[in-house]
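Let me begin by presenting the structure, written as structure tokens, before commenting on it.
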Amino acid sequence: MQTTDNIIFDDNLYRSATHWTFLLYEQNGVSLTIPLPNADLMSFIKPFNNISQCQEFVETNLRKIITLFVWDENIQQWLTDAPSIPISLHEIKIFCNSCDRSFVNASIRRHMHRFKNTTFEIITDDKLNYDLMLFGVGHLKKLFTDFQPNSSPYRKLILNYKRLCRALANYFWDEANVE
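Here numbering that gives the first Met the number 0 is used: position 158 in the sequence shown is 157, and no number is missing along the way.
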């Protein structure tokens with residue numbers, strides 16, 4: 000079973016892109032295993048398992064437009080410790096257990112007024128694979144303009160995009176055929 004640990008960021012391809020995607024999932028003690036059957040297709044995501052390292056990376060890349068997928072306990076810690084969110088962090092997508100969703104929503108609302116240029120969304124961990132794939136299709140399409148058409152990196156980006164589209168199509172096919 001693939002999990003967040005199986006995401007391998009393709010630094011050579013995505014380092015120069017204008018938009019970056021991070022996934023922060025730091026677990027201390029017993030951790031919840033979140034299945035990501037398509038983790039091998041998510042090389043556009045830079046994974047972190049340490050809050051401080053993720054914060055430092057965001058703060059040192061202020062010219063990037065960053066979307067952060069983050070475990071609810073990790074963002075709670077981040078927002079408690081940090082007086083502000085760097086300008087490069089445009090979207091925060093918080094994943095949590097479905098039974099914790101209303102608690103996380105109430106908790107995040109207390110902090111939202113501090114971050115006017117950042118959008119927040121709450122998703123459930125059981126839908127994380129789907130949400131990452133759906134996000135990834137749009138994200139990769141945005142990156143097309145960052146690369147020279149017909150260059151080797153551009154062709155690799157197109158290939159990654161098509162693989163993700165096929166995985167998403169298979170997901171929808173399976174959903175459409177559930178009895």
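Even for Gly, the Cβ is constructed at its ideal location relative to N, Cα and C. Fair warning: this is a prediction, and the values are worked out from it, not measured in the lab.
Residue 6 and residue 41 have their alpha carbons spaced roughly 6 Å apart. Contact check for residue 19 and residue 45: beta-carbon distance about 7 Å, within the 8 Å limit, so the pair qualifies. In the same chain as residue 165, and ignoring 5 residues on each side of it, no C-beta atom comes closer than 8 Å to its own. Our two residues, residue 74 and residue 174, have alpha carbons roughly 31 Å apart in a direct line. Judged by DSSP in its simplified three-state form, residue 118 adopts strand. In the three-state scheme derived from DSSP, where H, G and I count as helix and E and B as strand, residue 72 is classed as helix. In the displayed model, residue 32 falls within coil according to three-state DSSP, outside both helix and strand. If you look at residue 45, you'll find it in the beta strand (DSSP E) that goes 44-47. In this structure, the straight-line span from the alpha carbon of residue 52 to that of residue 58 is close to 10 Å. Each residue's CA atom was taken as its position, placing residue 153 and residue 102 some 42 Å apart. Taking residue 21 as reference, the option from 48, 161 and 68 with the minimal CA-CA separation is 68. Taking residue 26 as reference, the option from 95, 160 and 104 with the minimal CA-CA separation is 95. According to the DSSP secondary-structure assignment, residue 66 is paired through a beta bridge with 20 and 90.
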